[in-house]
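**Q**
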Amino acid sequence: MRVVSLLILISLPLLAGNDDSFLIRNASIHPVSGPDITNGSVLVVNGKIADVGPKVAAPKGVRVIEGRGLHVYPGMIDSATQLGISEISSVRETNDIGEIGKFNPQLRASIAVNADSEHIPVTRVNGITSAIVLPGTSGSGGRSPAAYVQGQASLIRLDGWTWEEMEVLRSAALQLRLPSLAPAGPSPTTGAGKPARTSLGEARRRVEAEKRDIADFFEQARRYQKAKAEGEPGLKPDLRLEAMIPVLEGKVPVLIQAEREKAIREAIEFADKQKIRLILANVREPGAAVEEIRKRGIPVILGPTLELPLDEDDPYDSAFTLAGELHRAGVKFAFGSFENQFARNLPYQAANAVAFGLPYDAALRAVTLTAAEIWGVADRIGSIDKGKIADLVVTDGDLLETKTQVKHLFISGKAVSLETRHTRLYQRYLNRP
Amino acid sequence: MRFRISLLSLALCVAAPLAAAPPIVIRNANVLTVTKGSFQGSVVIQDGKIVEAGPNVLVPQGATVIDANGMYLMPGIIDCHSHIAIDAINESSVSVSSMVSIEDVLNPDAISIYRALAGGVTTANILHGSANAIGGKCSVIKMRWGKRASELLFQGAKPGIKFALGENPKRRGSAPPGVQGTPNLRYPATRMGVEDVIRQAFTEARIYQAEWREYYRKVEKNEQAIPPRRDLKLEPLVEVLEGKRLVHAHCYRADEILMLLRIADEYGFKIKTLQHVLEGYKVAKEIAAHGAGASTFSDWWSYKVEAYDAIPYNAAIMVRKGVLVSLNSDSAELMRHLNTEAAKTMKYGGLSETEALSLITINPAKQLEIDHLVGSIEPGKQADLVLYDKHPLSNYAKVQKVLIDGEIYFDRDKDLSERPAKEARKKMLLEREKQRQAEQAKNAPSGRQQ
Chain A
1 MRVVSLLILI SLPLLAGNDD SFLIRNASIH PVSGPDITNG SVLVVNGKIA
51 DVGPKVAAPK GVRVIEGRGL HVYPGMIDSA TQLGISEISS VRETNDIGEI
101 GKFNPQLRAS IAVNADSEHI PVTRVNGITS AIVLPGTSGS GGRSPAAYVQ
151 GQASLIRLDG WTWEEMEVLR SAALQLRLPS LAPAGPSPTT GAGKPARTSL
201 GEARRRVEAE KRDIADFFEQ ARRYQKAKAE GEPGLKPDLR LEAMIPVLEG
251 KVPVLIQAER EKAIREAIEF ADKQKIRLIL ANVREPGAAV EEIRKRGIPV
301 ILGPTLELPL DEDDPYDSAF TLAGELHRAG VKFAFGSFEN QFARNLPYQA
351 ANAVAFGLPY DAALRAVTLT AAEIWGVADR IGSIDKGKIA DLVVTDGDLL
401 ETKTQVKHLF ISGKAVSLET RHTRLYQRYL NRP
Chain B
1 MRFRISLLSL ALCVAAPLAA APPIVIRNAN VLTVTKGSFQ GSVVIQDGKI
51 VEAGPNVLVP QGATVIDANG MYLMPGIIDC HSHIAIDAIN ESSVSVSSMV
101 SIEDVLNPDA ISIYRALAGG VTTANILHGS ANAIGGKCSV IKMRWGKRAS
151 ELLFQGAKPG IKFALGENPK RRGSAPPGVQ GTPNLRYPAT RMGVEDVIRQ
201 AFTEARIYQA EWREYYRKVE KNEQAIPPRR DLKLEPLVEV LEGKRLVHAH
251 CYRADEILML LRIADEYGFK IKTLQHVLEG YKVAKEIAAH GAGASTFSDW
301 WSYKVEAYDA IPYNAAIMVR KGVLVSLNSD SAELMRHLNT EAAKTMKYGG
351 LSETEALSLI TINPAKQLEI DHLVGSIEPG KQADLVLYDK HPLSNYAKVQ
401 KVLIDGEIYF DRDKDLSERP AKEARKKMLL EREKQRQAEQ AKNAPSGRQQ
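These protein sequences, in sequence, are chains A and B.
Each residue of the first sequence is one higher than the one before, counting from 1 in this note's numbering.
Each residue of the second sequence is one higher than the one before, counting from 1 in this note's numbering.
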C-alpha cells in the first residue's frame with residue numbers, strides 16, 4: 001500500500017496529462033479474483049491497476065470517471081477466434097487461416113493479424129479485450145484438407161496500431177489435428193465440395209498411416225532437439241523442427257479439438273505418449289472421459305453453448321448443460337466462440353450456461369480469469385488486481401446479459417472508442433433524410 | 001385445492017364423456033400480453049383458445065389449474081423463416097420453381113420440431129432455400145410434435161412463396177472455384193439477371209392470367225370456350241398478382257431490395273416480407289412506403305460480401321422508420337433462443353421490452369397474416385403460450401412449458417423426468433442389436449470354402 005502511494009506521489013505531475021491514468025469511483029467492482037465491491041474504486045496508473053477497493057486514495061489531478069450506477073469488470077478473453085486473419089468468411093482472399101502442408105508448427109497467427117480488421121472493434125465493444133487467434137481450424141476458409149500441425153495460436157489484445165502492439169503471446173499453443181475416420185475438409189483433388197467417399201476399411205488404413213506420419217514427425221523433432229542440445233556439428237537449422245522444441249519442452253501447450261469421448265481419449269493418449277502439455281478444445285460430448293480430463297488437470301476450451309446436440313437422441317439441452325457438468329466435475333474450462341461474426345456474443349454463451357446450471361461466478365471466471373490461467377497470463381490480465389494490466393469494461397448492468405450496455409472500455413489503461421463499422425453505418429442511416 | 005379441482009374435473013369427464021377437454025387456468029403468472037401490456041394474474045383457456053386474461057379471473061368449474069409461481073407467460077414465439085422439418089430444401093435445377101411445395105416434403109418426425117418447442121417456438125414459416133430467384137410454395141406450421149405432417153399445418157394461414165435475390169440465386173451462374181470449364185451453368189449470374197428472371201415470370205403470369213379471365217368471360221356468356229392449358233408454375237404467380245399468395249423474399253443488399261419493390265409496384269402486387277434484408281436499414285423509407293414487412297437476423301454479418309454492411313441496429317432502424325419488423329432464425333439452433341435474439345434489439349438501437357417481444361410474436365404473426373389467431377395474449381386467440389422461469393428477455397431464462405391450442409406440447413420437468421427411462425430403453429435397444437449381430441455371426445458359415 002505504501003509503495004503504491006509513493007508511486008502515485010512520484011507520478012503525480014504526469015497523471016493529469018496521461019490518458020492511461022484515471023480513477024473510476026463509486027462503482028460496483030467485480031474483480032473476479034475476489035468478492036464484489038459494491039461501492040468501490042479502481043485506480044489506474046500508467047496503464048496498470050494501481051489500487052482497487054472500497055476506499056482508494058485518489059491522487060490530486062487524476063482524471064475521475066464517475067461510476068455511480070455502473071459496474072466494472074475485467075476485460076473478457078475469447079479463447080478461440082480467427083480475429084484479424086479472417087474478414088469475410090466466404091471470400092478466400094480475405095482469409096489467412098489454413099496453410100498448405102501437413103506439418104506447419106512454424107506458422108504464427110499473430111503476424112498475419114490485420115490490425116484494421118473491422119471485426120476487432122466490433123468484438124471489443126462488447127467487453128472482449130483479448131482473444132486467442134487460431135490458425136487452421138476447419139471451415140470458414142481453412143481449406144487445407146489434411147493439415148495435422150496447423151500452426152501456433154497467438155493471444156492478442158484487441159487494440160493497437162499494428163499486430164506487434166497487439167501481441168500478448170506469440171505462441172500461446174500449437175494447434176494439432178489428429179486423424180479421424182471422417183475425412184477432413186473438401187476433396188483434395190478439386191478443392192471443392194464434399195470429401196471423397198471411401199470404405200471403412202480404407203478409412204481405417206488411412207487413419208493408421210496418418211498416425212504413423214504424426215508420430216514420425218514428433219520423432220524427427222525429438223532427434224533434432226537432441227542434436228541441437230548436443231551441439232551436433234553441421235546441423236542445419238530446420239524452421240519446422242525448431243518450432244517444435246518449445247512444445248517438446250512443455251513450454252507451449254498443444255491444442256487439440258476433440259468433440260466426443262473417443263476423440264478425447266485419443267488426444268489424451270497421444271499427449272501422454274508424446275509427453276506434451278494438452279489443451280482440449282471444442283469438447284462437445286465428453287461422456288465418461290470427463291473423469292480422465294479432471295484427473296489429469298487438462299484445461300478445456302468450450303465451443304459455443306448455443307449449439308445443437310451432436311446426435312438426434314441427445315437431450316435437447318446437452319450443449320447448454322455441458323459447462324455446468326464440467327464445473328461440477330472439477331474441470332477447468334474457458335469459452336471460445338470459434339467464429340468471428342459471433343465473437344461478440346461470448347458473454348451470452350456464458351450466460352446461457354448459467355441458465356442451465358453453471359454457477360454465475362464460474363461463468364464470469366470462465367470468460368476472464370480462468371481463460372487467463374489456461375493461457376498462462378493470469379499474472380497480467382483476467383481480473384481486477386493491483387499490478388495487472390488495466391483491461392477494464394464499464395457497463396450499466398450485468399456483463400453477461402444481452403441488454404447491458406458497455407459505457408467505457410479500457411485496454412492497457414487506454415480508453416478505447418466505442419465506435420465501430422456498425423455504429424458508423426447506424427448513425428449514418430438513422431439520419432438519412 | 002388443486003387436488004380437489006382435478007377430482008372435480010375427473011368427475012365431470014365421467015359424467016359427460018363427450019364434453020370437450022376441461023378448461024385450463026394458468027394463474028399467478030407475470031403475463032406479457034405483448035399487445036395489451038403486462039400484469040400479474042391469470043389466463044383462462046377453453047377449447048384451445050384464450051377466453052380470459054387479467055389480474056382477476058373467474059376460475060371455471062372443473063378447470064385444470066397450473067400455478068406459474070410468478071413465472072413469465074408470453075405468447076408462443078413465431079419464426080418467420082425456418083427450414084426445419086422438411087426433407088428437401090432447394091429445387092435448384094430451374095430459376096423459377098414455383099411449382100414445388102413445402103407441404104409435400106414436411107417431415108413430422110424431425111427432432112428439430114421438439115427442439116424448437118423447447119425454445120418457445122409454436123409457429124414457423126417453413127420456406128424453400130434461396131437457390132432460385134423464384135422458389136417454391138411455403139407452409140406455415142405449428143410445432144405439434146407427435147402429430148402427422150398434415151396436422152402440423154397452420155389452418156387459416158395464407159399461402160406463401162419464396163423469392164430470392166443476390167448472391168445465392170446467381171451462384172449457379174458461375175463455376176465453383178477450382179472447377180474447370182462451364183459445366184451446367186444456369187441463368188442468372190448477376191443481379192441484373194435475377195431481376196430479369198422475376199420480370200419474365202410475371203410477364204408470363206399476366207398473360208396466363210388474361211387467358212383464364214378471357215376463358216371465364218366466355219363461359220359466363222355461354223360462348224364456346226376452350227380452357228387454357230394449366231401451368232402449375234404460373235398458377236402461384238397469378239395468385240401473387242391477385243393478392244392470394246404472400247411473397248417472402250430473401251434479400252441482402254439495398255439495391256436488390258429496391259429492385260424487387262419496384263417490380264412489385266410495376267406489376268401491381270405487394271411484397272409481404274423481405275427476408276434477412278440485412279441492408280434494409282439503408283432503404284427503410286422505401287420499404288415502409290411499399291408496405292413490405294422485414295424479417296431479419298439480430299446480428300449476423302460478414303459471412304459473405306453481401307453481409308458485410310449488415311449491422312445489429314438493422315431491426316431498430318427499420319422499426320423507427322415505420323417498417324413492420326420481425327426477427328427470424330433461419331437456423332434450427334438459433335430458433336431455440338429467439339427471445340434473447342430479441343433482447344439484442346434493446347442493446348443495439350434501444351427498443352423497449354414490448355417492442356423487442358413484438359419482433360418474435362405479434363409482428364411475425366402480422367407478416368404471415370395470422371395475427372387475428374395468434375401472436376399475443378388476448379381473449380379469442382389460440383392458446384399458444386410459453387412459460388419462462390425468468391423474464392424472457394434475460395439470458396438466464398429457460399422455457400418451462402409450451403402450449404399450442406391449449407395443449408401442453410413441452411414440459412421441462414417431464415422432459416427431465418423421462419430421461420432415465422429413455423436412456424435405459426436406448427441401452428436395451430443397443431444391447432439387443434449387439435446380440436442380434438453376435439447371433440448372426442454365430443449362425444453364418446465359418447470361414448470361406450475353397
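Where a beta carbon is used, it is the ideal one built from N, C-alpha and C, also for glycine.
This one's a predicted model, so the numbers in the text were calculated from it and none came from an experiment.
Could you tell me which chain B residues have their CB closer than 8 Å to the CB of SER90/A, listed as they occur along the chain?
**A** Counting from one through the first sequence, the residue named residue 90/A turns up at place 90. The answer, in chain order, is TYR303, LYS304, VAL305.
**Q** Report, in whole angstroms, the separation of the C-beta atoms of ALA363/A and ALA350/A, which I expect to be a contact under 8 Å.
**A** Within the first sequence, the letter at position 363 stands for residue 363/A. Within the first sequence, the letter at position 350 stands for residue 350/A. Cβ atoms of ALA363/A and ALA350/A come within 8 Å of each other, at about 4 Å.
**Q** Who are the Cβ neighbours of LEU346/A in its own chain at under 7 Å, not counting the five residues just before and after it?
**A** The count along the first sequence starts at 1 and reaches residue 346/A at position 346. Here the set comprises MET76, ASP78, ILE128, PHE335, SER337, VAL367.
**Q** What is the DSSP secondary structure of GLN180/B, counted as helix, strand or coil?
**A** Sequence index remark: in the second sequence, residue 180/B carries index 180 (1-based). If DSSP states are grouped into helix, strand and coil, GLN180/B belongs with coil.
**Q** Can you tell which of GLY48/B, VAL121/B, ALA421/B has the C-alpha that lies nearest to the C-alpha of GLY406/B?
**A** The count along the second sequence starts at 1 and reaches residue 406/B at position 406. Comparing Cα positions, the closest option is GLY48/B.
**Q** At 3 residues or longer, and completely inside the region 347 to 393 of chain B: list those beta strand (DSSP E) runs for me, N to C.
**A** 385 to 388
**Q** Would you be able to state if there are at least three C-beta pairs under 8 Å between the region 318 to 326 of chain B and the region 290 to 297 of chain B?
**A** yes
**Q** Cβ closer than 8 Å: which chain B residues qualify as neighbours of ALA363/A?
**A** Position 363 of the first sequence, counted from the first residue, corresponds to residue 363/A. Chain B residues near ALA363/A: none, gap ~10 Å exceeds 8 Å.
**Q** Give me the DSSP bridge partner(s) of ASN95/A.
**A** Counted from its first residue, the first sequence places residue 95/A at position 95. BP columns for ASN95/A point to SER86/A.
**Q** Going by beta-carbon coordinates alone, are SER139/B and GLU103/B separated by less than 8 Å?
**A** As a first step, residue 139/B is located in the second sequence; it is residue number 139 there, counting from the start. As a first step, residue 103/B is located in the second sequence; it is residue number 103 there, counting from the start. The answer is yes: Cβ separation under 8 Å.
**Q** Are the CB atoms of ALA203/A and VAL252/A nearer to each other than 8 Å?
**A** As a position in the first sequence, residue 203/A is number 203, starting the count at 1. As a position in the first sequence, residue 252/A is number 252, starting the count at 1. In this structure, VAL252/A does not lie closer than 8 Å to ALA203/A by Cβ.
**Q** What are the residues of the region 340 to 365 of chain A that lie near chain B, defined by any Cβ-Cβ distance shorter than 8 Å?
**A** ASN340, GLN341, PHE342, ARG344, ASN345, TYR348, ALA351, ASN352, VAL354, ALA355, PHE356
**Q** Is the separation between the beta-carbon of LYS137/B and that of PRO236/B shorter than 8 Å?
**A** Counting from 1 along the second sequence, the entry for residue 137/B is found at position 137. Counting from 1 along the second sequence, the entry for residue 236/B is found at position 236. It is a contact, given that the beta carbons lie within the stated cut-off.
**Q** Tell me which same chain residues have a C-beta within less than 8 Å of the C-beta of ARG380/A, skipping the five on either side of it?
**A** Against the first sequence, residue 380/A aligns to sequence position 380. The residues are VAL168, ALA372, LYS388, ILE389.
**Q** What does the Cβ neighbour count give for ARG108/A, buried or exposed, with the cut at 16 atoms within 10 Å?
**A** Here residue 108/A is taken as the residue at index 108 of the first sequence, counted from 1. Buried, by the Cβ-count rule.
**Q** Which residues of the region 109 to 121 of chain A have a Cβ closer than 9 Å to any Cβ of chain B? Give them in chain order.
**A** GLU118, HIS119
**Q** State the Cα-Cα distance for the pair ARG296/A and LYS236/A, rounded to the nearest angstrom.
**A** Within the first sequence, the letter at position 296 stands for residue 296/A. Within the first sequence, the letter at position 236 stands for residue 236/A. Answer to the nearest angstrom: the Cα atoms are 37 Å apart.
**Q** Can you tell me whether DSSP reads HIS290/B as helix, strand or coil?
**A** What you label residue 290/B is simply residue 290 of the second sequence in a count that begins at 1. Note: HIS290/B maps to helix in three-state DSSP.
**Q** Looking at the secondary structure, which residues open and close the beta strand (DSSP E) in which ARG63/A lies?
**A** Position 63 of the first sequence holds residue 63/A. Start and end: 63 to 66.
**Q** DSSP three-state call for THR148/A: helix, strand or coil?
**A** Locating residue 148/A in the first sequence gives position 148, where the first residue counts as 1. Note on identity: in this sequence residue 148/A is Tyr, with Thr being the wrong assignment. Residue state, collapsed to three classes: coil.
**Q** By the three-class DSSP mapping on this structure, what secondary structure does GLU307/A have?
**A** Here the question's residue 307/A lines up with position 307 in the first sequence. Here GLU307/A sits in coil by DSSP.
**Q** Which of the residues in the region 102 to 119 of chain B, read from start to end, lie with their CB under 7 Å from any CB of chain A?
**A** ILE111, TYR114, ARG115, ALA118
**Q** Does the beta carbon of ASP313/A sit closer than 8 Å to a beta carbon anywhere in chain B?
**A** As a working mapping, residue 313/A is identified with position 313 in the first sequence. By this cut-off, ASP313/A is an interface position.
**Q** Decide if GLU341/B is buried, meaning its Cβ has at least 16 other Cβ atoms within 10 Å, or exposed.
**A** Within the second sequence, residue 341/B is the residue found at index 341, counting from 1. So GLU341/B ends up on the buried side.
**Q** Can you confirm whether LYS147/B, when its beta carbon is compared against all beta carbons of chain A, has any partner nearer than 8 Å?
**A** Your numbering for residue 147/B matches position 147 in the second sequence. No, LYS147/B does not count as interfacial toward chain A.
**Q** Using Cβ-Cβ distances below 8 Å, what residues of the region 373 to 407 of chain A are close to chain B?
**A** From the region 373 to 407 of chain A, only LEU400, GLU401, THR402, LYS403, THR404, GLN405 have a Cβ closer than 8 Å to chain B.
**Q** Any beta carbon of chain A sitting closer than 8 Å to that of TYR308/B?
**A** Along the second sequence, one-based indexing puts residue 308/B at 308. Any Cβ of chain A closer than 8 Å to the Cβ of TYR308/B would place that residue at the interface, and such an atom is present.
**Q** Report the rounded CA-to-CA distance for LEU155/A versus ALA383/B, giving the unit in angstroms.
**A** Reading the first sequence from its first residue, position 155 is the one you call residue 155/A. Reading the second sequence from its first residue, position 383 is the one you call residue 383/B. LEU155/A and ALA383/B: Cα-Cα distance of roughly 51 Å.
**Q** Quick one: list the residues of chain A neighbouring PRO228/B, beta-carbon separation under 8 Å, in chain order.
**A** Taking the first residue of the second sequence as position 1, residue 228/B is located at position 228. Result: empty, since nearest Cβ-Cβ is about 43 Å, beyond 8 Å.
**Q** Output needed for PHE270/A: all residues of its chain with C-beta closer than 7 Å, excluding positions within five of it in sequence on either side, in chain order.
**A** Position 270 of the first sequence, counting from 1, holds the residue named residue 270/A. Closer than 7 Å at Cβ, skipping near neighbours: LEU178.
**Q** Does any residue of chain B bring its CB to less than 8 Å from the CB of HIS422/A?
**A** Locating residue 422/A in the first sequence gives position 422, where the first residue counts as 1. Output row for HIS422/A: interface = yes.
**Q** What does a CB cutoff of less than 8 Å around LYS386/A pick up in its chain, not counting 5 residues either side in sequence?
**A** Along the first sequence, one-based indexing puts residue 386/A at 386. Cβ within range, chain order: VAL4, ILE49, ALA50, ASP51, VAL52.
**Q** Could you please give me the residues that DSSP links to GLN40/B through a beta bridge?
**A** Position 40 of the second sequence, counted from the start, is the residue given in the question as residue 40/B. GLN40/B pairs with ASN30/B.
**Q** Taking only three categories from DSSP, how would you classify GLY139/A?
**A** Indexing the first sequence from 1 puts residue 139/A at position 139. For GLY139/A, the predicted structure reports a pLDDT of 42, less than 50, and the residue's modelled location is therefore unreliable. A value from the coordinates is still provided. Here GLY139/A sits in strand by DSSP.
**Q** When the Cα of ASP361/A is compared with those of GLY324/A, ARG421/A, PHE217/A, VAL393/A, which residue comes out closest?
**A** Numbered from its first residue, the first sequence carries residue 361/A at position 361. For the residues GLY324/A, ARG421/A, PHE217/A, VAL393/A, the minimum Cα distance to ASP361/A belongs to GLY324/A.
**Q** Which chain B residues are close to LEU425/A, counting only those with a beta carbon under 7 Å from its beta carbon?
**A** The count along the first sequence starts at 1 and reaches residue 425/A at position 425. Near LEU425/A (Cβ distances below 7 Å), the residues of chain B are ASP309, ILE311.
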